[in-house]
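For reference, the structure is listed below as structure tokens.
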Amino acid sequence: MERVISGNEAVAYGAMLSRVQVVSAYPISPQTTIVETLSDFCASGRLKADFVKVESEHSAMACCVGAASAGARAFTATSAQGLALMHEVLHWAAGARLPIVIANVNRAMAAPWTMWCDQSDSLAQRDTGWLQFYCEDNQEVLDSIIMAYRISEKVLLPAMVCLDGFILSHTYEQVEIPAIEEVDRYLPSYVAQLKLDVDEPRSFHAAMLPDVYMEQRVKFQEAMEEAKGVAKEVDEEFGRAFGRRYGIMEEYFAEDADVLLVTSGTVTGTARGVVDDYRKKGEKVGLLKMKMFRPFPTEDVRRVLQKAKKVAVVDRNISFGATGIFAQEIRSVLHRHGEGTSVFGFIAGLGGRDVTPAVLQQIVEIAKGKEAPSGDVVWIGAKP
Amino acid sequence: MRYELPKEELLYSGHIGCPGCGASLAMRYTLQALGKKTMVVIPACCWSTVAGFFPSSSLKVPILHCLFETAAISASGVKKGLVARGIEDVQVMAWAGDGGTFDIGLQSLSSCAERNDDIIYVCYDNEAYMNTGIQMSSATPFMSWTSTTPNPAFKETPKKDIMEILAAHRIPYAATASPAYPEDFLNKMRKAKSIQGLRFIHILSSCPPGWKFPSENSLKISRLAVETKIFPLYEIENGRRYVLTHEPKGLPVSEYLKLQGRFSHLAPEQVRAIQENVDEEWAFLMEKIKARGARKKESGIRNQDSGFRNQDSGKKLGRKSGESHKKMKAQGARHMV
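These protein sequence lines map, in sequence, to chains A and B. First residue of the first sequence: 213, per our numbering; consecutive thereafter. First residue of the second sequence: 29, per our numbering; consecutive thereafter.
And the structure:
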């Protein structure tokens with residue numbers, strides 16, 4: 213069934229089609245309409261889930277941890293300050309190896325107060341052990357929620373599906389909503405291998421002494437590595453079932469690019485048009501869309517980037533005192549192998565400022581005009 | 029008649045609780061009452077170590093360790109997850125210390141209480157952060173020593189009245205309990221088990237290293253807390269119906285205080301001030317218990333003068349206790365427990 217829905221409704225549909233059993237969430241702009249839509253779904257009985265209206269995001273995630281520990285499929289959604297408040301519990305959920313899925317509607321961090329989009333909120337959580345996926349449009353949002361459960365329940369790591377605040381969350385697009393029976397076949401109900409069970413009493417997450425803690429971390433990292441392959445398989449299977457595929461990343465005219473843009477989220481859609489324009493003029497500009505950020509698809513990124521002469525990373529975030537976070541990760545992938553590719557790092561679109569075709573053209577032109585980047589961070593569009 | 033404890037033990041011997049730990053005895057009695065179909069959710073507290081380090085466990089029921097401030101909501105999440113899976117006959121119990129209840133976990137506990145989530149929440153209150161080594165919490169008694177209220181800067185304010193906070197949420201059941209009174213303890217736990225919704229049990233949990241007394245005095249001190257009226261044993265139904273479950277002897281508070289190193293600095297006038305405060309708090313509790321009769325009158329039963337009478341003083345009660353505290357502070361006699 214095709215419907216015109218917002219990104220936030222796409223999240224809610226994704227959760228409903230995944231037959232989540234416990235939802236616990238707290239309102240925050242621009243995520244709030246997810247909470248409202250799921251409340252409607254639960255109230256009308258379309259979604260048979262217990263919606264726990266908690267008093268904070270910290271409790272929302274803690275509730276998901278409890279529910280998932282009892283073997284239920286749990287879901288929540290938040291943005292920015294809410295995600296930051298959850299930070300402690302994000303670590304816990306991942307360390308506890310619980311396949312919880314969260315939708316994070318990307319919003320810039322305060323202070324000062326802001327409601328608008330950038331990706332600093334979710335990228336600041338990159339070391340918590342959550343899988344992270346960035347979406348380009350509302351269809352991808354809906355599909356990614358469903359796929360996230362498949363991946364998470366296989367590797368036993370929680371997953372964060374990110375969508376740009378307002379640009380996706382409040383924008384209406386035509387979305388194919390799959391039939392729930394088809395989703396049921398693709399995503400069967402969750403059967404936890406390890407869960408709280410009075411017939412098989414176990415103690416979960418008891419203190420580990422130094423002689424065992426590190427081994428637990430090794431397993432954790434192995435699960436992250438495993439997720440790369442699992443995410444590819446899950447995506448292929450999704451393509452067979454529903455006729456749509458995304459990959460863990462996507463190359464667009466990347467094969468022979470003199471300048472390769474690297475983007476995530478909605479900037480990708482704009483970048484496609486910019487690449488098309490350059491190609492029409494006969495200029496070799498390409499694009500790499502980063503969908504999966506954690507685990508970082510190191511080998512795949514390296515394979516794509518080493519074919520490019522210059523790489524222009526568009527970061528809608530900044531790690532203060534360092535660089536854009538995507539640029540950091542990409543540089544580390546290349547530097548380890550001593551590749552000759554020049555990586556230009558650009559910061560654009562913070563706090564909801566538009567990343568227009570003109571912005572991306574400016575980025576391409578800067579990369580075209582220089583052999584190597586003059587610095588690690590180039591701000592685009594920041595007034596003096 | 030001799031009271032027989034249940035035979036079934038769900039706490040293993042050999043746990044790593046301190047000798048004389050009130051909280052270990054409390055867990056033993058609690059699980060005897062709740063039985064095998066119980067899951068225990070433990071935030072950061074003494075019990076996160078007493079429950080055993082990986083890969084051991086000191087309980088024969090499932091344990092979920094959780095973050096410090098999330099005991100209530102983690103337990104609610106477990107319960108909701110179980111119910112979502114069609115499992116309805118399991119009691120989920122949050123088991124938290126006073127720090128995790130009075131302080132850092134109060135927000136999520138309040139939220140769960142407001143929703144009346146179907147969990148049992150037990151606060152074993154040893155009146156300070158004991159697992160980190162005796163730091164003050166908002167459950168620490170007035171004028172008590174802790175490592176963060178050192179001599180001469182002893183605790184300046186009275187203990188938070190957690191029972192009233194929970195009662196204000198109108199939860200179906202709240203009770204105080206002491207491991208020194210196992211029959212009363214088990215009765216309350218069994219009653220809690222029979223009720224749906226949020227059930228709150230406040231246990232005064234004697235702590236030999238934290239309160240500074242030899243471990244063999246643990247039950248004696250627990251009993252004295254009750255018999256001196258410092259920790260009355262009572263229950264509150266639906267936030268309104270107060271019932272005293274044990275009539276204390278009304279021993280002088282000095283009997284309790286003198287056995288503990290954390291109060292060894294108290295001068296006689298400070299002990300007297302604590303006594304006054306305990307009498308006042310007791311009278312306030314009696315007022316609430318008596319008010320139950322008043323409500324019965326409204327429903328047509330004329331028994332205004334029946335029920336519990338304040339035996340201790342003819343003082344006007346109610347909100348007086350707060351005013352009295354201010355007055356005592358102003359006079360420099362700041363000695364409330």
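From the three backbone atoms N, C-alpha and C, an ideal C-beta is built for every residue, glycine too.
With distances taken Cα to Cα, identify the nearest neighbour of residue i among the options.
| i | options | result |
| --- | --- | --- |
| Thr478/A | Gln386/A, Glu352/A, Arg457/A, Glu267/A | Glu352/A |
| Val111/B | Ala284/A, Gln293/A, Glu445/A | Ala284/A |
| Asp468/A | Val487/A, Pro507/A, Gly455/A | Val487/A |
| Pro83/B | Lys260/A, Ala391/A, Gly498/A, Met420/A | Met420/A |
| Leu232/B | Leu226/B, Pro186/B, Tyr152/B, Arg320/B | Tyr152/B |
| Asp126/B | His230/B, Cys94/B, Val68/B | His230/B |
| Trp304/A | Trp325/A, Cys276/A, Thr326/A, Gln293/A | Cys276/A |
| Asn220/A | Ala274/A, Ser291/A, Glu214/A | Ser291/A |
| His417/A | Ala141/B, Leu95/B, Ser292/B | Leu95/B |
| Val410/A | Gln135/B, Leu87/B, Met164/B | Leu87/B |
| Val373/A | Ser531/A, Val234/A, Met502/A, Tyr398/A | Met502/A |
| Ala17/B | Ile199/B, Ala205/B, Met191/B, Lys65/B | Residue 17/B is absent from the model: chain B starts at 29 and stops at 365. |
| Cys46/B | Leu261/B, Met158/B, Val306/B, Thr177/B | Met158/B |
| Arg268/B | Leu261/B, Pro242/B, Ala196/B, Arg300/B | Ala196/B |
To the nearest angstrom, how far is it from the Cα of residue i to the Cα of residue j?
| i | j | result |
| --- | --- | --- |
| Asp145/B | Lys318/B | 29 Å |
| Pro596/A | His382/A | 31 Å |
| Tyr425/A | Gly561/A | 41 Å |
| Tyr284/B | Glu155/B | 15 Å |
| Val232/A | Val523/A | 40 Å |
| Ser586/A | Ala534/A | 15 Å |
| Gln602/A | Ala227/A | Nothing about residue 602/A can be reported from this structure: the residues present for chain A run from 213 to 596 only. |
| Ser234/B | Ala306/A | 36 Å |
| Cys73/B | Leu399/A | 39 Å |
| Tyr402/A | Arg514/A | 35 Å |
| Val234/A | Gln573/A | 45 Å |
| Arg215/A | Pro390/A | 11 Å |
| Asn215/B | Ala61/B | 8 Å |
Name the two residues that bound the continuous beta strand (DSSP E) containing residue i.
| i | result |
| --- | --- |
| Ile231/B | 227 to 232 |
| Val232/A | Note, Val232/A: premise wrong, no beta strand (DSSP E); not H, not E. |
| Leu375/A | 371 to 376 |
| Lys265/A | 262 to 265 |
| Leu295/A | Unbroken run through Leu295/A is the alpha helix (DSSP H), 292 to 307; no beta strand (DSSP E). |
| Arg457/A | Element bounds for Arg457/A: n/a, residue is neither H nor E. |
| Val589/A | Unbroken run through Val589/A: none, as it is neither H nor E. |
| Gln243/A | Neither: Gln243/A is in no beta strand (DSSP E) and is coded neither H nor E. |
| Val523/A | 522 to 527 |
| Lys518/A | Checking the sequence, you will find Gln at residue 518/A rather than Lys. Note, Gln518/A: premise wrong, no beta strand (DSSP E); not H, not E. |
Just to make sure I have the definition right: I need the residues of chain B whose C-beta is within less than 9 Å of the C-beta of residue i. Which are they?
| i | result |
| --- | --- |
| Asp396/A | None at all; the shortest Cβ gap to chain B is about 17 Å. |
| Val576/A | Going along chain B, no residue has its Cβ under 9 Å from Val576/A, so there is no contact; the nearest lies around 46 Å. |
| Asp468/A | Here the premise fails: no neighbours, minimum Cβ distance about 51 Å. |
For the alpha helix (DSSP H) containing residue i, name the first residue and the last one.
| i | result |
| --- | --- |
| Ser476/A | Careful: Ser476/A lies outside any alpha helix (DSSP H) and carries neither H nor E. |
| Trp265/B | Strictly speaking, residue 265/B in this sequence is Glu, with Trp absent from that position. Taken as a continuous stretch (DSSP letters only), Glu265/B belongs to no alpha helix (DSSP H), being part of the beta strand (DSSP E) at 262 to 265. |
| Cys329/A | Premise fails: Cys329/A is in no alpha helix (DSSP H) and is neither H nor E. |
| Glu214/A | Where Glu214/A is concerned, there is no enclosing alpha helix (DSSP H), although the beta strand (DSSP E) it sits in stretches over 214 to 218. |
| Ile578/A | 569 to 581 |
| Arg285/A | Run containing Arg285/A: none; DSSP gives neither H nor E here. |
| Asn215/B | 210 to 222 |
| Phe538/A | 537 to 547 |
| Gln337/A | Run containing Gln337/A: none; DSSP gives neither H nor E here. |
In chain A, what lies closer than 8 Å to residue i by C-beta?
| i | result |
| --- | --- |
| Cys94/B | Ala274, Val277, Gly278, Trp304, His417 |
| Lys65/B | Val410 |
| Gln135/B | Glu267, Ser268, Ser271 |
| Ile106/B | Looking at the sequence itself, residue 106/B is Val, so the reference to Ile does not match. Per Cβ cutoff of 8 Å: Gly278, Ala279, Ser281, Ala282, Leu408. |
| Val118/B | Val410 |
Who are the neighbours of residue i on chain B, taking C-beta pairs under 7 Å?
| i | result |
| --- | --- |
| Gly283/A | Gly109, Arg113 |
| Val424/A | Phe82 |
In chain B, what lies closer than 8 Å to residue i by C-beta?
| i | result |
| --- | --- |
| Arg414/A | Ser85, Pro90, Ile91 |
| Met420/A | Phe81, Phe82 |
Please list the partners that residue i has in chain A, where partner means a Cβ-to-Cβ separation under 7 Å.
| i | result |
| --- | --- |
| Thr386/B | The question about residue 386/B has no answer, for chain B in this structure spans 29 to 365. |
| Ser102/B | Ala274, Val277, Gly278 |
| Ser52/B | By Cβ distance, chain A contributes nothing, its closest Cβ being about 16 Å from Ser52/B, past 7 Å. |
| Ser139/B | Val266, Glu267, Ser271 |
Residues of chain A with CB closer than 9 Å to the CB of residue i, please, in chain order.
| i | result |
| --- | --- |
| Thr58/B | Residues of chain A passing the Cβ test: none, with the nearest at roughly 15 Å. |
| Thr129/B | By Cβ distance, chain A contributes nothing, its closest Cβ being about 15 Å from Thr129/B, past 9 Å. |
Quick check for students: name the residue ranges of the alpha helix (DSSP H) that lie wholly in the region 354 to 440 of chain A, counting only runs of 4 or more. Correct list: 392 to 398.
Mind pulling the alpha helix (DSSP H) runs of 4 or more residues that sit fully within the region 167 to 203 of chain B? As far as the region 167 to 203 of chain B is concerned, its whole alpha helix (DSSP H) runs of at least 4 residues are 190 to 195.
I'd like the ranges of any alpha helix (DSSP H) spanning at least 4 consecutive residues and lying wholly in the region 51 to 124 of chain B. Qualifying alpha helix (DSSP H) stretches, in chain order: 75 to 78, 99 to 112.
Quick one: complete alpha helix (DSSP H) runs, 4+ long, within the region 251 to 313 of chain B? Restricted to the region 251 to 313 of chain B, the alpha helix (DSSP H) segments that are unbroken, complete and at least 4 residues in length are 281 to 285, listed in chain order.
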